[in-house]
Amino acid sequence: MDDIDAMFSDLLGEMDLLTQSLGVETLPPEPPSSSSKEMNFSMGFADMNVESLNELEENDLDALMADLMADLNDTEEKLAAELGGQKEAEAPHPDLPPASHGLSFYPESSLSTPTSPERGPNTFSAPLADSPAPIFSPPTLPQHAKLSTEEIEAQMKADKIKLALEKLKEAKVKKLVVKVVMHDGSSKTLMVDERQTVRDVLDNLFEKTHCDCNVDWSLSETNPELQLERGFEDHENLVDPLSAWTRDSENKVLFQERPDKYEVFKNPQNFYLWKKDKKTIKDMKDRDKELLVEENFCGTSIIVPDLEGVLYLREDGKKSWKQRLFLLRASGIYYVPKGKSKTSRDLVCFVQFDNVNVYYGKEFKNKYKAPTDFCFVLKHPQIQKESQYIKYLCCDDAWTMNLWVTGIRIAKYGKSLYENYKTSMKKAAITTAWTNRTAGTTSIPSTPSPTTKAKASGQANGHAPQPPAEPVAKVGNAPPPPPPLLPTQILPPPPPDPVLPPLPPPLATKKSPPATSVPRQLPSLPTSFPPSPTSMANLPPPPPSLSQDDSSESPPDFLPPPPPTLGFGPGAGSLPPPPPVSFLPPPPDPGFPLPPPPPDPAFCPVTNRDSLPAPPPRQSNIGAGAPPPPPPPPSASAGLQSIPSVRRTGPPPPKRTTPPLAAPGGGDFMSELAKAMAKKRGNQ
Amino acid sequence: VGLGKVRSGRVSMAVWDLSVTVEDLGADAPPITVSVTSDLHIGGVILKLVEKSQVKRDWSDHALWWEQKQQWLLRTAWTLEKCGIQADAVLIFMAQHKSLRLGLPNGLTLRLRACFSGPVFRTVLGICKMLNIRRPEELSLLRPVEEKKRKKDKDLSEELHDLTEVPLTSVSRPCLYNGMPAHFADSLQTEKVYKMLSVSQPAPAPEAIAKLYRPASVVDKAHIHSRWLDSSRSLMQQGVQENDRLWLRFKYYCFHDLEPKYDVVRLTQMYEQARWAILLEDIDCTEEEMLLFGAIQYHINKLSLSEPQTMTSSPAMDDLDSALQGLEVKLDGAESSPQDMLENLTAPELNDYLKIFRPKRLTLKGYKQYWFKFKDASISYYKSKEESLGEPIQQINLKGCEAAPDVNVAGQKFCIKLLIPAPEGMNEVYLRCENEEQYSRWMAACRLASKGKSLADRLFQSEVQSILSFLAMQQTNPNTHTDDSMSINTHSLVSPRYSKKYKVKQLTPRILEAYQNVAQLSLTDALLRFLQIWQALPDFGISFVVVRFKGSRKDEVLGIAPNRLIRIDLGVGDVVKTWRYNNMRQWNVNWDIRQVAIEFDGNVNMAFSCVTADCKIVHEFIGGYIFMSTRSREQSDTLNEELFHKLTGGHEAL
């Protein structure tokens, strides 16, 4: 067993190397007319040497094969679709995602909807959408029907050339084989091309893992050398940041739940009203939260939380940390120079966000003698090693750190963040709806507010694995038929992917001694598993005192929102005008009730949600929370780190210091791959 | 009841004389006297008056103004008795629409006919309709800040744009003609007015900015807000006379449903108001923000000058445009495919001898010349042109780099400073070009490459052009004065504080740097970007009033924002407390002691009296913002005027 494990990790090491060497574009000299399918891949994998292939674990090979095939099919489909002049439907996920056969669905979702906002018309994806060759689409341009046959032939020829060229271009598309470390410590190998966004890859992973698709799932990168971690944003292209990794990098891509990812949309008050007293923040009504999101994200301009506070700054090159008063504005982070006021004109710009990303720092107390372990870092994504160009900041507590990191993300990404969130919500809602339906629960969307509150108290009491106990008791009165087992269990997995026969080695075996290379620092990071959406909802790690308050004062919250004393409240949402109260006599006048906050939670006029299917945003709670909780899986976080440490003992990776120049194609990759697989099988 | 009947019955009432001044007859004309009885209604009085005046004209816009009571007699069915008019009443018969000099957000003055008899809210609706500004409830009128009378340079020839000839009836329906509302298309003069409204004004001279009034403190800013007119009373009632000057401004800073297609004038004027707020330091921003504002202004100026046609776009034209564009794209796709795509695959290159300098800690080596090749977002250099077929000395990938100018036109120094990210940190590299032309090409290439674009990108040429034109601006030495219309004194793009702090020479390169990030925006996008950055400023949208809180002994400042009230310490300027409207339960105004009392959720109460502004103004601000917040929920586009008055009116309204 040990041997196998060791070998496996070696292989993974190899894979990693390959991963980085891939995607080096080499333009094939072949004439454009040759449309051999293999070509694409022989280029993409120019560097992959045969030995390493032979040693690949079968799983990986299979997975890779699947990806490659999918890719091929996809290309074919695209071309076909184009020829047919049909706009291939974007295959909007139907109500019921065919989770039972992941793979058949996968190629479409992941590949036929590449989003490449930046690359524009140069990439292959664009033509798919908007340039059906006119000749083949008589409906749009009927006059073409009158063309003579020669003309048509000429056009067809031109079109073929065009197609060939497009294939060439397609061939140029950078592809990476990425090993993703899963929440349970296992890993999956995916092929990602440069047009795919993180969202696409997540969807892909959802299909592969059958996890609940809650909005917290994210891909993040870790940099062990700098002890950094950052969640990718869903709209980012995954290949870009990965390309910045160095040859010998120990960086990893993690697939995990990050409650901090969209916390700002779930509990905006924590960020936008951080100055308010804790009680106000805690007692925030759902409707008020929605209002806050609306105010700050739906206007003509995105409003960045107005953070200000004393943070520690690591002095350039020195070991010391110095306190400064920092302010966050949409245009960057500023500090107040000594002896100056906080007025805008006196502020000195510390950093602007165009060229930097924000990262969480891990265990900086040890590494850099930071005052606390709640540090964050701003650096250019391409910087991978210690450098004077990295800016290190340290906060007093996790809460403050979360405020700042989230604030910076809002300033940097603006509207995209909210769009990402809405997309994630949709995804989650669809999945939940499906789960509910199969579960046969009578899950009428219960009024959100009690559920939410229950959840709050549950969370305060302890950590996620248990909380279902209390709230579930309430919700689950009507005992639902046993829900489908959560797919990630060891139990017979959902019908295996046709091309991906064995699922990765049983998760449990991966539970090895806890390692430290990717420490979970955020108190908020999930130590929990499936039912977590519930617990996540208000997870921004507030100082402990807050959560205590939470639990002690929660009871009254179970009540439906108290109707405001005035006759104005309920149902006021749409028709604000209050009964015209006279202003005439001075004081005793009962006054003038206010239109804005209709406390009625059932009335939910946030326009953005319109597009969502029936379940209200918090629906996922119901899906996850209602059924009796499945046994918690083996502690996810513990298992996570084992591989890397072992893996690195493998043969020292070849170091390269110069940027990779395109190496000439390494032969016919596909046939090598086939051989390797055959060999594997033979060995068994 | 019986008694009343008897009294108002057929008992013949005493006939008495009522004298009325008819404004149109001139100031010197004696009042016209008509014989009336107390049960004659106002309409009857007017009829008699018109008959007696013997003037044949359209009197339909005229009404009676009661001087002593300062009120209009607009209910023509009411009798004199019901109105309380007796023989001693001083009545004036005059037009309800009078000419008004309206200061626009862009600083220009427009003469137009506005309604003097309806509540100011209604007057503003009328004005906005005429100017084609949607969502008029966000605007209001205020009295201008008195200009310091400088007799010398005041030749009173301030350019007036006149709209008084536009018949009021033609404004009713917004139909478009030639890309502008029909009532502007009547004459060349009105077309010019529309252009003035819909195209942003060129940058003002720095001296002009310096001369204008700038609020120096938050108290000064508070005083400005004491000038708002009361929306529920008419202009006449507030002492506004014909031909008086008023400012039209956006008052409520929540801009609902901004749609560039239909909001050309609105967007432009909003931009102008924002621009002036920044230039006059009405809203504070940081230096970096100021430079970016400057850069966008420059860009907008340039676009407004070069493509005035964009403004006269109508929805129909837009559709046509987009259709044409779509067609173009299709043709592009169909015709040029193989060639174009080949070209894209084999991207163009730049080749030149340039000098390079890589500052390293210990070396003092200067610039060395090499043969440079730019291709595919990276730069390679070789010993000489001849060796350029072999291996380069080095290849530098520019993706993700920062390219900053290091230019001194007068000194003929054209350097590009590159900060190139590498795993170990950022590498600094300087490239020195020979002249403007070479510099602009290489700089443009570096800019595009830093964003991962190649030279094949169609933005390349425009990037080159904009760099060239910016370089031209730096040649504003007094001796080599270029007559390029594009050249702007960059001091006119920033507030006087920064004009004082930096010389043009220092300022221009920094604005140029900021400009690179916005240079590709279309005019509309640039306007929107400017507004977005403005709205993202922390102090955006806060109107200040000096107040005295109940129980407090000192004056404090109340900031009124679209979503909250802010209590600000007058001395330090710190925010003491904020209250959000959506936690507000009710608010009351005690009109006798002029005190505003507000109750929030959780039994939080506060009360204050107003020092710098009348409490009606504060009341109206709060009610106004509440009103604005109701709009989003309302499906219909119709303006609920009644609700506005209910929320803002106070006792006069009822």
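Those protein sequence lines, which keep their order, are chains A and G. Residue numbering for the first sequence follows UniProt numbering, beginning at 1 and increasing consecutively. Residue numbering for the second sequence follows UniProt numbering, beginning at 1 and increasing consecutively. Just so you know, even glycine gets a beta-carbon here, dropped at the ideal spot from N, CA and C.
Per the DSSP calculation, G/T578 is bridged to which residue(s)? DSSP, once it has assigned bridges, lists G/I566 as partnering G/T578.
is_contact[G/D88, chain A] using C-beta, thresh 7 Å: Judged by the 7 Å Cβ criterion, G/D88 is not in contact with chain A.
Nearest-angstrom Cβ-Cβ length linking G/T524 and G/I511, presumed shorter than 8 Å: Going by Cβ atoms, the distance from G/T524 to G/I511 rounds to 21 Å, so no, they are not a contact pair.
Within 10 angstroms of the Cβ of A/N122, are there 16 or more other Cβ atoms? Answer buried if so, exposed if not. With a pLDDT of 37 at A/N122, under the threshold of 50, the modelled position of this residue cannot be trusted, and the question is left open.
According to DSSP, which residues form a beta bridge with A/T209? DSSP, once it has assigned bridges, lists no residue as partnering A/T209.
Output the boundary residues of the alpha helix (DSSP H) element that contains A/H183. Here A/H183 belongs to no alpha helix (DSSP H), and DSSP marks it neither H nor E.
Along the alpha helix (DSSP H) that carries residue 717 of chain G, what are the first and last residues, could you check? Outside the shown range of chain G (1 to 654) lies residue 717 of chain G, about which nothing can therefore be said.
Closer than 7 Å to chain G by CB, A/Q86: Unreliable placement is indicated for A/Q86, whose pLDDT of 44 sits below 50; the coordinate value is still reported in the next sentence. So, not an interface residue.
Report yes or no: do three or more beta-carbon pairs, one from the region 250-264 of chain A and one from the region 215-234 of chain A, lie closer than 8 Å? Taking one beta carbon from each stretch, the region 250-264 of chain A and the region 215-234 of chain A have 3 or more pairs nearer than 8 Å; the two touch.
Are the CB atoms of A/I302 and A/K415 within a distance shorter than 7 Å? Less than 7 Å separates the beta-carbon of A/K415 from that of A/I302.
Pairing CB atoms from the region 235-248 of chain A with CB atoms from the region 370-379 of chain A, are three or more of them under 8 Å? Contact between the region 235-248 of chain A and the region 370-379 of chain A is absent, because fewer than three Cβ pairs lie under 8 Å.
Within 7 Å (strictly less), CB to CB, does A/P247 reach chain G? Sequence inspection shows Arg at residue 247 of chain A; the Pro mentioned does not correspond to that position. Cβ-Cβ to chain G under 7 Å: no for A/R247.
Through-space distance from A/R345 to G/E287, alpha-carbon basis: Between G/E287 and A/R345, the C-alpha separation is close to 6 Å.
Span of the beta strand (DSSP E) around A/C349: Its beta strand (DSSP E) spans residues V348 to V351.
Is A/D288 close to chain G, meaning its C-beta is less than 7 Å from at least one C-beta of that chain? Under the Cβ distance rule, A/D288 counts among the residues neighbouring chain G, one pair being separated by less than 7 Å.
Against chain A, with Cβ distances strictly below 7 Å, would G/F255 count as a contact? Chain A contact via Cβ: present.
Near-chain A residues of the region 271-293 of chain G - C-beta to any C-beta below 8 Å: Residues of the region 271-293 of chain G with a Cβ closer than 8 Å to any Cβ of chain A, in chain order: D284, C285, T286, E287, E288, E289 and L292.
Under 7 Å Cβ-Cβ, which residues of chain A neighbour G/G425? Neighbours of G/G425 across chain A, judged by C-beta separation under 7 Å: I383, S387, Q388 and Y389.
In whole angstroms, what separates the C-alpha of residue 722 of chain A from that of A/W321? Past the edges of chain A, shown from 1 to 684, lies residue 722 of chain A, and the structure says nothing about it.
So, for G/R497: in the same chain, excluding its five sequence neighbours on each side, which residues have a beta-carbon less than 7 Å away from its beta-carbon? If we look at G/R497 and ignore the five residues flanking it on each side, its Cβ neighbours are E281.
So G/E382 is in the beta strand (DSSP E); what residue range does that whole segment cover? Checking the sequence, you will find Tyr at residue 382 of chain G rather than Glu. Its beta strand (DSSP E) spans residues S378 to Y382.
How long is the line joining the alpha carbons of G/S234 and G/T123, rounded to whole angstroms? The C-alpha of G/T123 is placed about 8 Å away from the C-alpha of G/S234.
Decide if A/G361 is buried, meaning its Cβ has at least 16 other Cβ atoms within 10 Å, or exposed. Within 10 angstroms of the beta-carbon of A/G361 lie 16 or more other beta-carbons, which makes it buried.
For a cutoff of 7 Å on Cβ pairs, would you count A/T406 as touching chain G? With respect to chain G, the C-beta atom of A/T406 has no partner C-beta closer than 7 Å.
Straight-line Cα distance separating G/L419 from G/C401: CA-CA distance, G/C401 to G/L419, rounds to 6 Å.
Express the C-alpha separation of A/F297 and A/P98 in angstroms, rounding to a whole number. Bear in mind that the predicted position of A/P98 carries a pLDDT of just 38, short of 50, making it unreliable; the figure below should be weighed with that in mind. The alpha-carbon of A/P98 is positioned some 34 Å away from that of A/F297.
If we count the other Cβ atoms within 10 Å of its Cβ and call it buried at 16 or more, is G/I393 buried or exposed? Exposed.
Option nearest A/R258 by Cα separation, candidates A/V178, A/Y421 and A/D286: Nearest to A/R258 by alpha-carbon distance, out of A/V178, A/Y421 and A/D286, is A/Y421.
With DSSP run on the structure shown, which of helix, strand or coil describes G/G400? G/G400: coil per DSSP, three-state reduction.
Show which residues of chain A have a CB atom less than 8 Å away from the CB atom of G/R497. The contacting residues are R345.
Nearest neighbour of A/H183, chosen from A/V192, A/A433, A/H210 and A/L325 [CA to CA]: Closest by alpha carbon: A/H210.
Could one say the Cβ of A/D306 lies closer than 7 Å to chain G's Cβ atoms, at least one of them? So, interface residue.
Chain G beta carbons: is any one of them nearer than 7 Å to that of A/S320? For A/S320, no CB of chain G lies under 7 Å from its own CB, so it is not counted at the interface with that chain.
Grab me the residues of G/E272's own chain with a C-beta within less than 8 Å of its C-beta, minus the 5 sequence neighbours each way, in chain order. Leaving aside the five residues that flank G/E272 on each side, the residues in its chain whose CB is nearer than 8 Å to its CB run, in chain order, L104, P105, N106, G107, S200 and Q201.
Report yes or no: do three or more beta-carbon pairs, one from the region 242-252 of chain G and one from the region 67-82 of chain G, lie closer than 8 Å? By the Cβ rule, the region 242-252 of chain G does not count as touching the region 67-82 of chain G, because fewer than three pairs are nearer than 8 Å.
Between A/S148 and chain G, is there a C-beta pair that is closer than 7 Å? Taking Cβ atoms only, chain G never reaches closer than 7 Å to A/S148, which makes this a no.
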